[in-house]
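Using my numbering, the first residue of the sequence shown is number 570, and each one after it goes up by one. All C-beta atoms in this analysis are idealised placements derived from N, C-alpha and C, irrespective of residue type, glycine included. Inspection log for the structure reproduced underneath, given as structure tokens.
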Amino acid sequence: MIDFHSHILPGIDDGSADVRESSALLTMLREQGVKTVVATPHFYPGRMSVSGFLERRKEAFERLCETETCPVPQILLGAEVRYYDGIRHMEDLELLCIEGSRVLLLEMPFEKWSEMTIKEVATLSRSSRVTVVLAHIERYASYQDPNALYRLLESGVLMQANAGFFTGRFSRRRALGMLSQGLIHVIGSDCHNITSRPPQIGRAAQIIEKRFGSECLDHISEFTRDILCISNINQ
Ligand SMILES: [Fe+2]
């Protein structure tokens, strides 16, 4: 299984506080069957430079590797990039894509998206500069006109849901419904720490398997592997 969204790198954002917590998160992910995890620290345009972010991410990863010499799950470096008007023109945007791919995890505004926002993301997606994946779609889907989501899908935009959407007692039904409607393509734990926001992706996988069978999980893994363009990635 691939965890597409996580904050496991130590001391770089509001996720893992230090190397000890990062190691504990890796252990939890491993025990839940995750073979590959994408580390997606927050990137806030305007507050930080791309080069500065990449340098801090590299340092955080190296600190972790001093303890976890050969981390399992395998870690791919990425970012969770906050949307802003004009992002399609952002220089160096490709450098924020998930390592080895042209996939960009984009965090959208937590409000009803304007027509300009929808067009901006659709244009970025259609430009083929990057493959856009909207982070934790469940966190903003309810504010949106359903047509907005379908217009983005038609533009090639993909959607990631958090494991907690599936494990939540009151959200599970909606999560499974969105998955069956093709509104969710990839899944991430979005884990931040071992206390209030631990990984729950193993439980989410069980819920999906129970409802749709193991083929559904296999399909998600295969699709995730395909968009990451890495053929030898651990599933
Ligand atoms: Fe996140």
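The criterion of a C-beta distance shorter than 8 Å is not satisfied by I770 and I789. By a beta-carbon distance limit of 8 Å, F735 contacts A773. Their separation comes to about 4 Å. Exclusion of the five residues before and after E600 leaves no residue of its chain whose Cβ lies closer than 6 Å to its Cβ.
The Cβ neighbour count for S694, taken over all protein chains shown within 10 Å, is at least 16; the residue is labelled buried. Annotated as distal: L594 and I581, with beta-carbon spacing of 8 Å or more. Take L745, set aside five residues on each side of it, and the residues of its chain with a beta-carbon closer than 8 Å to its own are F735, I776, I777, R780 and F781, in chain order. In this structure, DSSP gives G757 an extended state, which the three-state scheme calls strand. Rounded to the nearest whole angstrom, the CA to CA distance from E668 to L727 is 18 Å. Excluding sequence positions up to five before and after Q729, its CB lies within less than 8 Å of the CB of F573, H574, L674, V702, L703, A704, H705, I706, I753, H754, V755, I756 and G757, all in the same chain and listed in chain order. Shortest Cα-Cα distance from H761 to any of R742, G751 and G733 involves G733. Counting along the chain, R794 sits inside the alpha helix (DSSP H) bounded by residues S783 to I796. Spatial neighbours of Q713 in its own chain (CB-CB distance under 8 Å, excluding positions within 5 residues in sequence) are listed in chain order as K681 and W682.
Here the C-alpha atom of E784 lies approximately 13 Å from the C-alpha atom of S749. P614 is the residue among L633, E628 and P614 whose C-alpha sits nearest the C-alpha of D661. In terms of CA proximity to L722, A691 leads the group A691, R743, G737 and S697.
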